[in-house]
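Engineer:
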Amino acid sequence: MSTLGIGSRGIGWFGRLFGFFKRSKDPVTRSIYEAIAVLDKMINSIESTKKSLESVHEDHSRRAKLFASEGRKQYEDIFIEELKHIAGLISMFDKVQYDLMRVRYRLETLTLVEEPIRLLPEVIQELQSLKPEVEKIAPELSTMLMEVERKVTSIIASSNISSIAGVVGYKDNIQVDDKNAPEKLPIPPLPPENQPEPSAVQEYNLVPLAIVKKWILDEIRTSGGVFVIKDFIKKYKVPKHLVYDALRKLEEEGRIRLRH
Numbered sequence: 248m249s250t251l252g253i254g255s256r257g258i259g260w261f262g263r264l265f266g267f268f269k270r271s272k273d274p275v276t277r278s279i280y281e282a283i284a285v286l287d288k289m290i291n292s293i294e295s296t297k298k299s300l301e302s303v304h305e306d307h308s309r310r311a312k313l314f315a316s317e318g319r320k321q322y323e324d325i326f327i328e329e330l331k332h333i334a335g336l337i338s339m340f341d342k343v344q345y346d347l348m349r350v351r352y353r354l355e356t357l358t359l360v361e362e363p364i365r366l367l368p369e370v371i372q373e374l375q376s377l378k379p380e381v382e383k384i385a386p387e388l389s390t391m392l393m394e395v396e397r398k399v400t401s402i403i404a405s406s407n408i409s410s411i412a413g414v415v416g417y418k419d420n421i422q423v424d425d426k427n428a429p430e431k432l433p434i435p436p437l438p439p440e441n442q443p444e445p446s447a448v449q450e451y452n453l454v455p456l457a458i459v460k461k462w463i464l465d466e467i468r469t470s471g472g473v474f475v476i477k478d479f480i481k482k483y484k485v486p487k488h489l490v491y492d493a494l495r496k497l498e499e500e501g502r503i504r505l506r507h
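Position 250 (the sequence shown) corresponds to 497 in this note's numbering; numbering is contiguous.
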């Protein structure tokens with residue numbers, strides 16, 4: 248079976264990236280390289296597992312040929328069946344490794360552009376689409392994938408930007424077409440001298456509601472159905488109202504049931 252040849256080349260390339268990461272003074276670039284470092288660990292882990300599978304595949308192939316030469320078809324069939332199964336696993340590992348490398352090099356490219364923040368939501372979508380595949384072939388790597396997603400999301404949240412293509416903020420959850428609701432008048436802006444500085448909690452409102460919902464579902468799954476709001480807020484550093492909005496939305500969608 249063929250491999251992508253990450254091996255020592257990947258480690259050497261990672262070393263150069265880590266050197267650049269250490270030298271970088273830009274906080275966004277540093278955070279991106281932190282995410283890249285986690286992705287590199289995942290890619291190397293998948294490569295190691297894939298090589299082990301390929302070694303077993305070669306061993307089973309030799310055994311199948313041996314039993315075939317001896318006319319012991321029943322034993323030959325056992326190894327032929329297992330060869331098909333292992334080949335399928337290797338194919339899945341290949342695909343996940345390829346997708347992780349694609350995200351990894353996209354992040355590296357973003358360190359070279361002037362405004363990487365505007366392109367990060369696309370990376371979050373890529374990471375979310377990868378999770379089912381990672382859980383299927385290497386559940387132990389799911390936590391690392393979530394760590395990458397949190398790092399990328401925190402970059403968006405900590406950057407004081409008012410509009411990002413593809414990012415849906417907290418406002419989307421409250422724009423409900425309710426004919427019975429009283430009309431709400433806009434609050435006039437404060438004079439320039441009275442406007443408060445944006446706080447970290449306000450900036451975290453930029454975290455997409457879909458991301459908060461996903462984090463909540465992940466926590467519920469890993470804790471066996473128990474969800475502690477204060478622990479979640481402490482871990483993910485999102486405001487309480489955003490957590491309640493995400494919980495309410497998940498209940499409306501029928502994905503969870505709250506005990507009122």
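Ideal placement from N, C-alpha and C gives every residue a C-beta, glycine not left out. These numbers were taken from a predicted model, which means no experiment stands behind them.
By a C-beta neighbour count over all protein chains shown, 10 Å radius and 16 as the cutoff for buried, is Ser316 buried or exposed?
Structural biologist: The residue in question, Ser316, is exposed, as its Cβ has fewer than 16 Cβ neighbours within 10 Å.
Engineer: Quick one: any contact between the stretch 452-471 and the stretch 485-499, if contact means 3 or more CB pairs under 8 Å?
Structural biologist: Taking 8 Å as the limit for Cβ pairs, the verdict is that the stretch 485-499 does touch the stretch 452-471.
Engineer: If you check the beta carbons only, do Phe314 and Glu328 fall under 8 Å apart?
Structural biologist: The answer is no: Cβ separation not under 8 Å.
Engineer: I want to know whether the stretch 290-301 touches the stretch 340-347 - three or more CB-CB distances under 8 Å.
Structural biologist: Output reads yes: the stretch 340-347 touches the stretch 290-301.
Engineer: Distance check for Thr469 and Leu347, CA to CA, integer angstroms please.
Structural biologist: Approximately 23 Å, taken between the alpha carbons.
Engineer: Just verifying my parser: in three-state terms, what is the DSSP assignment at Ala404?
Structural biologist: Here Ala404 sits in helix by DSSP.
Engineer: How far does the alpha helix (DSSP H) with Thr358 in it reach, from first residue to last?
Structural biologist: Element bounds for Thr358: n/a, residue is neither H nor E.
Engineer: Around the Cβ of Tyr491, are there at least 16 other Cβ atoms within 10 angstroms (buried) or fewer (exposed)?
Structural biologist: Classification of Tyr491: exposed, given that the 10 Å Cβ count is below 16.
Engineer: Can you say whether Leu388 is buried or exposed, counting buried as having 16 or more other CB atoms within 10 angstroms of its CB?
Structural biologist: Buried, by the Cβ-count rule.
Engineer: If I measure Cβ to Cβ from Leu359 and keep anything under 7 Å in the same chain, skipping five residues before and after, which residues do I get?
Structural biologist: Around Leu359: no qualifying Cβ.
Engineer: Give the secondary structure of Gly335 by DSSP, where H, G and I count as helix, E and B as strand, and everything else as coil.
Structural biologist: Note: Gly335 maps to helix in three-state DSSP.
Engineer: Please confirm if Arg502 has its CB atom under 8 Å from at least one CB of chain D.
Structural biologist: The displayed structure is made up of one protein chain only, and chain D is not part of it.
Engineer: Taking the straight line between their C-alpha atoms, what separation do you get for Val459 and Ile371?
Structural biologist: Their Cα atoms are separated by approximately 12 Å.
Engineer: Under a Cβ-count criterion, where at least 16 other Cβ atoms within 10 Å of its own Cβ denotes burial, should Ala334 be classed as buried or exposed?
Structural biologist: Its Cβ having fewer than 16 others within 10 Å, Ala334 is exposed.
Engineer: Do Leu354 and Ala282 have their C-beta atoms within less than 8 Å of each other?
Structural biologist: Going by C-beta atoms, Leu354 is nearer than 8 Å to Ala282.
Engineer: Apart from the five residues just before and just after Ile480, which ones in its own chain have a Cβ nearer than 8 Å to its Cβ?
Structural biologist: The answer, listed in chain order, is Pro486, Lys487, Val490.
Engineer: Identify, in the order they occur along the chain, each residue of the same chain with its Cβ nearer than 7 Å to the Cβ of Leu286, setting aside the five sequence neighbours on each side.
Structural biologist: These residues qualify, in order along the chain: Leu347, Val350, Arg351, Val395.
Engineer: When you compare each of Leu505, Lys484, Tyr483, Ala457 to Val473 by their alpha carbons, which one comes out closest?
Structural biologist: Closest option to Val473, Cα to Cα, is Leu505.
Engineer: Does the beta-carbon of Thr356 have 16 or more other beta-carbons within 10 angstroms, so that it is buried, or is it exposed?
Structural biologist: By the 10 Å Cβ count, Thr356 comes out exposed.
Engineer: Using 8 Å as the threshold, is the C-beta distance between Ile508 and Glu301 below it?
Structural biologist: Past the boundaries of the shown model lies residue 508; the chain is included only from 248 to 507, so the question cannot be answered.
Engineer: Nearest by alpha-carbon distance to Ile402: which of Pro368, Glu305, Lys297 is it?
Structural biologist: Minimum Cα distance to Ile402 is reached at Pro368.
Engineer: Who are the Cβ neighbours of Ile503 in its own chain at under 6 Å, not counting the five residues just before and after it?
Structural biologist: For Ile503, where only same-chain residues beyond five positions count, the Cβ hits under 6 Å are Leu497.
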